[in-house]
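Enquirer: Here the protein sequences line up with chains L and W, keeping their order.
For the record, in the first sequence the residue sitting at position 124 is 125 according to this note's numbering, with numbers rising by one throughout.
For the record, in the second sequence the residue sitting at position 70 is 71 according to this note's numbering, with numbers rising by one throughout.
By construction, the Cβ of each residue, glycine as well, lies at the ideal position given by its N, Cα and C atoms.
Fair warning: this is a prediction, and the values are worked out from it, not measured in the lab.
Questions regarding the structure given below will be posed in turn.
Protein chains: 2
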Amino acid sequence: MALEIFGDRWSLLIVRDVMVRGYRTFQEFLQSGEGIASNILAERLRRLRAAGILSAERAAGDGRKICYQLTQKGIDLAPAVLEIFLWSAMYEPTAAPSAVVDRMAQHREQILQEVRRRWAANDPTPVLPRFGDAR
Amino acid sequence: MALEIFGDRWSLLIVRDVMVRGYRTFQEFLQSGEGIASNILAERLRRLRAAGILSAERAAGDGRKICYQLTQKGIDLAPAVLEIFLWSAMYEPTAAPSAVVDRMAQHREQILQEVRRRWAANDPTPVLPRFGDAR
DNA sequence: TGGGTCACTTGCATTACGCAATCTATTTTG
DNA sequence: CAAAATAGATTGCGTAATGCAAGTGACCCA
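Put into structure tokens, the structure is as follows:
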């Protein structure tokens, strides 16, 4: 399995954040509340780019910011991310309300379509609210 | 997400091995060809038990062996493991033949049912052959 | 032009990991 | 029944990864 890439605590979390929370910049990842250190974040972003999962370009309008986005290879992780989320929500009491989760579990394809649509449209609107923290 | 549990290189690999390759004992995990060290394996098995994903009992017939099995919580990881496998197979050239993978991708539910059936029946027959190594 | 922001980088202490050897309990062999 | 073998796991030790705080250079804004 792809655990050379995801075999660590942060990489999949970054992918999820850009995928469903619409995060795009270093600061957003850094302040996402999971507590990743800045050097580790930089290293993971570099690794994800090297793996062809993220792409990066300077933000139009603010030359300091770098805008990270999922590649096709990256967005193709959506089903895996969704399944891990659903499992997590099923067994970790602090996550999203179970009614919401149940509904999500019954409409997997619909959710994936929406995630893919937002990716294609470059729409950073979060797919999910943050429910405390659904980590 | 459940990356306190899976945020490392080995835990998900162990779950996959017991889920689809039918591995049950310390030696089988150790010799699975991924190269995990014995101290790390012991620690991961302990952690997975503590997380309620694996259960362990002495093997009937040979009191030295310990037979690890997935709990309900563990087998519920099957969809996530499958999606990660499919993604991996899609993007890593060394994995299983693409015809096999394509067929799997089109019959997800069927495969999951088979995995669950073998779990319920305590049938250790591998679901997949090993294709070199589909890691 | 000065202060703030942004994406990192650096230095250093702590922790995790990989490897080989070792230990205990149990089983098999002679 | 004693000796060798096997299974699961632990220990010691060197290396790599991680966390934390501080710093750097490019860029933006008043």
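#1: I'd like the list of long-range same chain contacts for L42 of chain L, defined as Cβ closer than 8 Å, with 5 residues on each side in sequence excluded.
#2: Measure how close the beta-carbons of I112 of chain W and M2 of chain L come, nearest whole angstrom, since I'm counting them as under 8 Å.
#3: Smallest Cα separation from R118 of chain W: which of W:G23, W:F7, W:G53?
#4: How big is the Cα-Cα spacing for T126 of chain L and G36 of chain W?
#5: Note down, one range per segment and in chain order, each alpha helix (DSSP H) of at least 4 residues found wholly within the stretch 5-55 of chain W.
#6: Quick one, are the C-beta atoms of V102 of chain W and L87 of chain W less than 8 Å apart?
#7: What are the partner residues of A58 of chain L, as DSSP defines its beta bridges?
#8: Closest Cβ-Cβ distance between L14 of chain W and chain L: below 8 Å?
#9: What do you reckon, are the CB atoms on K74 of chain W and Y92 of chain L nearer than 8 Å?
#10: What is the C-beta distance between L71 of chain W and L55 of chain W, in whole angstroms, given that I count them as a contact (C-beta under 8 Å)?
#11: Measuring straight from C-alpha to C-alpha, what distance separates Q114 of chain L and A90 of chain L?
#12: When DSSP labels each residue in this structure, what does V82 of chain W get in the three-state scheme?
#13: Counting only Cβ pairs nearer than 7 Å, list the residues of chain W close to R17 of chain L.
#14: Please classify A3 of chain W: does DSSP put it in a helix, a strand, or coil?
#15: Suppose you measure from the CA of A60 of chain L to the CA of Y69 of chain L; what does that come to, to the nearest Å?
#16: Measure how close the beta-carbons of S33 of chain W and D18 of chain W come, nearest whole angstrom, since I'm counting them as under 8 Å.
#17: Find the nearest neighbour of V21 of chain L within the set L:A100, L:E5, L:A81, judged by alpha-carbon distance.
#18: For D134 of chain W, which of helix, strand or coil comes out of DSSP?
#19: In the DSSP assignment, find the unbroken alpha helix (DSSP H) run with E110 of chain W in it and report its ends.
#20: Which term fits R25 of chain W, buried or exposed, when burial requires 16 or more other beta carbons within 10 angstroms of its beta carbon?
#21: Nearest chain L C-beta to I85 of chain W closer than 8 Å, yes or no?
#22: Please report the straight-line C-alpha distance between I6 of chain L and G64 of chain W, rounded to a whole angstrom.
#23: Quick check: L13 of chain L and L4 of chain W, are their CB atoms within less than 8 Å of each other?
#24: Looking at the C-beta of P125 of chain W, does it have a partner C-beta in chain L at a distance below 8 Å?
#25: Does the CB of S99 of chain L have a neighbour CB from chain W at under 8 Å?
#26: Output yes if chain L places a C-beta closer than 8 Å to the C-beta of W120 of chain W; else output no.
#27: Under a CB-based cut-off of 8 Å, is M91 of chain W close to chain L?
#28: Is the shortest distance between the beta-carbon of G8 of chain W and the beta-carbons of chain L less than 8 Å?
Expert: Working from what's here:
#1: Along the first sequence, one-based indexing puts residue 42 of chain L at 41. Answer for L42 of chain L: W11, I15, F27, F30, L31, listed in chain order.
#2: Within the second sequence, the letter at position 111 stands for residue 112 of chain W. Within the first sequence, the letter at position 1 stands for residue 2 of chain L. No, I112 of chain W and M2 of chain L are not in contact; Cβ-Cβ is about 16 Å, not under 8 Å.
#3: The residue you call residue 118 of chain W lines up with position 117 of the second sequence. Answer by Cα proximity: W:G23.
#4: Mapped onto the first sequence, residue 126 of chain L falls at position 125. Mapped onto the second sequence, residue 36 of chain W falls at position 35. When rounded, the distance between both Cα atoms is 42 Å.
#5: 12-21, 27-31, 39-51
#6: Your numbering for residue 102 of chain W matches position 101 in the second sequence. Your numbering for residue 87 of chain W matches position 86 in the second sequence. Contact flag set, yes.
#7: The count along the first sequence starts at 1 and reaches residue 58 of chain L at position 57. This sequence places Glu at residue 58 of chain L; Ala is not what is there. The partner list for E58 of chain L (beta bridge, DSSP) reads L:C68.
#8: Walking along the second sequence from the start, residue 14 of chain W turns up at place 13. Yes - at least one Cβ of chain L is within 8 Å of the one on L14 of chain W.
#9: As a working note, residue 74 of chain W is residue 73 in the second sequence. As a working note, residue 92 of chain L is residue 91 in the first sequence. Judged by their CB atoms, K74 of chain W and Y92 of chain L are nearer to each other than the 8 Å cut-off.
#10: To locate residue 71 of chain W, count along the second sequence from 1; it is residue 70. To locate residue 55 of chain W, count along the second sequence from 1; it is residue 54. Their Cβ separation, rounded to whole angstroms, is 6 Å, which keeps L71 of chain W and L55 of chain W in contact under 8 Å.
#11: As a working mapping, residue 114 of chain L is identified with position 113 in the first sequence. As a working mapping, residue 90 of chain L is identified with position 89 in the first sequence. About 20 Å.
#12: As a first step, residue 82 of chain W must be located in the second sequence, where it is residue number 81. It is helical.
#13: By 1-based counting over the first sequence, the position of residue 17 of chain L is 16. The CB of R17 of chain L comes closer than 7 Å to the CB of M2 in chain W, given here in chain order.
#14: Within the second sequence, the letter at position 2 stands for residue 3 of chain W. Here A3 of chain W sits in coil by DSSP.
#15: As a working mapping, residue 60 of chain L is identified with position 59 in the first sequence. As a working mapping, residue 69 of chain L is identified with position 68 in the first sequence. Spanning the two alpha carbons is a distance of roughly 9 Å.
#16: Your numbering for residue 33 of chain W matches position 32 in the second sequence. Your numbering for residue 18 of chain W matches position 17 in the second sequence. About 6 Å separates the two Cβ atoms, so the contact holds.
#17: Here residue 21 of chain L refers to the residue found at position 20 of the first sequence. Cα-wise, what sits closest to V21 of chain L is L:A81.
#18: As a working note, residue 134 of chain W is residue 133 in the second sequence. Confidence is the limiting factor: at D134 of chain W the pLDDT is only 44, short of 50, which leaves the residue's position unreliable, though a coordinate-based value still follows. In the three-state reduction of the DSSP assignment, D134 of chain W falls in the coil class, being assigned neither a helical nor a strand state.
#19: By 1-based counting over the second sequence, the position of residue 110 of chain W is 109. Here the alpha helix (DSSP H) through E110 of chain W covers 109-121.
#20: Residue 25 of chain W sits at position 24 when you count from the first residue of the second sequence. It is buried - the Cβ of R25 of chain W has at least 16 other Cβ atoms within 10 Å.
#21: The residue given as residue 85 of chain W occupies position 84 in the second sequence. For I85 of chain W, the answer is yes, since a Cβ of chain L falls inside 8 Å of its Cβ.
#22: Residue numbering aside, residue 6 of chain L sits at position 5 when the first sequence is read from its first letter. Residue numbering aside, residue 64 of chain W sits at position 63 when the second sequence is read from its first letter. Those two C-alpha atoms are separated by around 38 Å.
#23: Locating residue 13 of chain L in the first sequence gives position 12, counting from the first residue. Locating residue 4 of chain W in the second sequence gives position 3, counting from the first residue. Less than 8 Å separates the beta-carbon of L13 of chain L from that of L4 of chain W.
#24: Against the second sequence, residue 125 of chain W aligns to sequence position 124. With 8 Å as the cut-off, P125 of chain W does not count as an interface residue toward chain L.
#25: Here residue 99 of chain L corresponds to residue number 98 of the first sequence, with the count starting at 1. So, not an interface residue.
#26: Here residue 120 of chain W refers to the residue found at position 119 when the second sequence is read from its first residue. W120 of chain W does not count as touching chain L.
#27: Stepping through the second sequence from its first residue, residue 91 of chain W is reached at position 90. Answer yes: the Cβ-Cβ gap between M91 of chain W and chain L drops below 8 Å somewhere.
#28: Counting from one through the second sequence, the residue named residue 8 of chain W turns up at place 7. Yes, because at least one Cβ of chain L sits closer than 8 Å to the Cβ of G8 of chain W.
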